[in-house]
Amino acid sequence: MKFPAVLLSSLIAVMFFTGCYPGPWDAPPYAILQDSEDINVAWSGCRLDQTSGLPMNPLCEPSPPVILRLDARVEDERTGDPLNNVRIWFTSGFQKIYLLPQEVLEAVDVPDTDRWQALMEDEQIFAEFSEGTDGDYRPTYHETWTDNIGVASVWVFIEEMPTDDTGVAKESGIIVSIGADSQVIKLAVQG
């Protein structure tokens with residue numbers, strides 16, 4: 070009779086400890102991604118000569134890299150409540166658009182202003198790679214989990230937008246998925 074008692078106590082211990090597992094968890098079937106707006110990226114490329122493949126204007130330089138933050142929110146479709154600790158992944162649609170975790174970037178020379186719209190239009194960058202990060206870290210896939218308010222964030226580092234055969238920049242996208250729901254956030258070219 071000792072064996073069933075040991076088995077029962079072991080089963081209770083396993084159930085207790087797995088209930089305390091901190092996650093992240095796979096999204097339940099009722100989890101949804103809150104709709105995200107598409108992003109306009111201020112980017113200009115150089116028109117290419119169709120015969121040589123070189124820029125038509127030798128002085129033309131494409132836009133400098135762009136860094137922006139992308140947030141995705143996971144919620145319960147039934148109640149609208151945020152779901153925390155849910156596994157979420159981001160995938161870039163182009164090899165020169167990188168997805169970086171928060172730890173990779175640090176803010177530098179951030180101005181004390183409420184005029185963020187004007188600063189964004191000036192294409193100023195207030196972040197750089199942190200010292201502890203290898204400068205060649207350029208992933209196009211990032212997996213993380215939601216915080217206590219159901220939000221997961223990733224930094225999008227756009228080294229270059231995709232271009233067509235003539236050198237004109239074209240849109241790309243980032244796939245955001247939780248398994249139970251997915252969406253594509255377009256990176257449209259503005260400029």
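Sequential numbering of the sequence shown, starting at 70, is according to our numbering.
Ideal placement from N, C-alpha and C gives every residue a C-beta, glycine not left out.
Worksheet item: Hey, residue 100 and residue 247: beta-carbon distance below 7 angstroms or not?
Response: yes
Fill in: Contacts around residue 243, its chain only, beta-carbon distance under 8 angstroms, and the 5 residues preceding and following it disregarded
139, 159, 160, 161, 162, 166, 168, 225, 253, 254, 256
Worksheet item: Shortest alpha-carbon distance to residue 108 belongs to which of 153, 118, 136?
Response: For residue 108, the closest of 153, 118, 136 by C-alpha to C-alpha distance is 136.
Practice prompt. Could you tell me which residues DSSP puts in a beta bridge with residue 130?
Written response: Note: residue 130 sits in no beta bridge, so no partner.
Discussion item. Quick check: what's the CA-CA separation for residue 235 versus residue 210?
Written reply: 28 angstroms
Discussion item. Once DSSP output is grouped into helix, strand and coil, what is the label at residue 146?
Written reply: Residue 146 falls in the coil class under three-state DSSP.
Worksheet item: Which residues in the same chain as residue 105 place their Cβ atom closer than 6 angstroms to its Cβ, once the five residues preceding and following it in sequence are excluded?
Response: The beta carbon of residue 105 sits closer than 6 angstroms to those of 254, all from its chain and outside the five residues before and after it, given in chain order.
Worksheet entry | Neighbour-count burial assignment, residue 144, 16 or more Cβ in a 10 Å radius | buried
Worksheet entry | Beta-bridge pairing of residue 220 - partner residues as DSSP gives them | 142
Discussion item. By the DSSP assignment, the beta strand (DSSP E) with residue 99 in it spans what residues?
Written reply: Looking at the DSSP string, residue 99 is not in any beta strand (DSSP E), and its letter there is neither H nor E.
Item to complete: Name the two residues that bound the continuous beta strand (DSSP E) containing residue 244.
Response: 241–246
Worksheet entry | Cα-Cα separation between residue 230 and residue 117, rounded to whole angstroms | 15 angstroms
Worksheet item: Considering only residues of the same chain and omitting the five flanking positions on each side of residue 251, which have a CB-CB separation below 8 angstroms?
Response: Same-chain partners within the cutoff: 102, 244, 245.
Worksheet entry | Anticipated Cβ contact below 8 angstroms, residue 96 with residue 156, distance rounded | 7 angstroms
Fill in: For residue 259, three-class secondary structure by DSSP
strand
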